[in-house]
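Chemist: Before I ask anything, let me first share the structure, which is written out below as structure tokens.
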Amino acid sequence: MEGSKIAVVTGANKGLGLETCRQLASRGLTVILCSRDREKGQAALDRISAP
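Written as structure tokens, this is what we have:
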């Protein structure tokens, strides 16, 4: 994991947070999504992970 980039994004289930996660993930970073609502957070992860 040396040299890997990790980003923690709060408010990641919608809006700017979600788009930030998409952009960071597309650039190869490991992204940790933070959301107050577990289901909405999982839905955001599913959207980002979809091909």
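Numbered according to our numbering, the sequence shown spans residues 353 to 403.
Backbone N, C-alpha and C fix where the C-beta goes; we use that ideal spot for every residue, glycine too.
From the DSSP secondary-structure annotation, give me the bridge partner or partners of Leu386.
Modeler: Correcting the residue identity first, residue 386 is Cys in this sequence and not Leu. DSSP output for Cys386 lists Thr362 as bridge partner(s).
Chemist: Which whole-angstrom value describes the C-beta separation of Leu397 and Leu385, a residue pair presumed to lie in contact below a C-beta threshold of 8 Å?
Modeler: About 6 Å; that satisfies the 8 Å criterion.
Chemist: Quick one: Cα of Arg390 to Cα of Asn365, how far?
Modeler: Answer to the nearest angstrom: the Cα atoms are 9 Å apart.
Chemist: So, helix, strand or coil for Ala402, using DSSP?
Modeler: It is coil, neither helix nor strand.
Chemist: What span of residues does the alpha helix (DSSP H) with Arg374 cover, start to end?
Modeler: Counting along the chain, the alpha helix (DSSP H) containing Arg374 begins and ends at 367-378.
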